[in-house]
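Novice:
In full-length UniProt numbering, the protein residues as written are 1 to 96.
1) Could you check whether residue 58 and residue 9 sit closer than 8 Å to each other, using their CB atoms as the reference points?
2) Taking 6 Å as the limit between beta carbons, can you name the residues of its chain near residue 80, skipping five residues before and five after?
3) Hey, which unbroken runs of the beta strand (DSSP E) at 3 residues or more fall wholly within the UniProt domain "PspA-associated" (1 to 96)?
4) In chain order, what residues of the same chain lie with their CB nearer than 7 Å to the CB of residue 14, ignoring the 5 residues before and after it?
5) Exposed or buried, residue 24, counting other C-beta atoms within 10 Å across all chains shown (16 or more means buried)?
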């Protein structure tokens, strides 16, 4: 699965990391629902770190479509709320 971290680039992340990513994504959803900016920033930071830890960074000169997009770690509750509203049927940022 190809995951783009906004402002950083793309990573090829194995499906085996999805469970961990989904767990963190739940914290993102909780923070957005509660309007908790500090908790959101922490969850986005952990989400991006997990993508980097498990994924292989794709070189910038390699053109690949992203399957998922993770917001910048400094994204606001309002910005992430819009992304979640656009996601598939309440699946959060990471479907599954």
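We treat Cβ as the ideally placed atom computed from N, Cα and C, and that holds for glycine.
None of these values were measured; they are calculated from a predicted model.
Specialist: With the structure as the only source:
1) The Cβ atoms of residue 9 and residue 58 sit closer than 8 Å to each other.
2) Contacts found: 32 and 71.
3) Taking only runs of at least 3 residues, the beta strand (DSSP E) segments lying wholly in the UniProt domain "PspA-associated" (1 to 96) are 2 to 5, 9 to 12, 56 to 58 and 68 to 70.
4) By the criterion of a C-beta distance shorter than 7 Å, residue 14 is surrounded in its chain by 54, once the five residues flanking it on both sides are discounted.
5) By the neighbour-count definition (other C-beta atoms within 10 Å, threshold 16), residue 24 is a buried residue.
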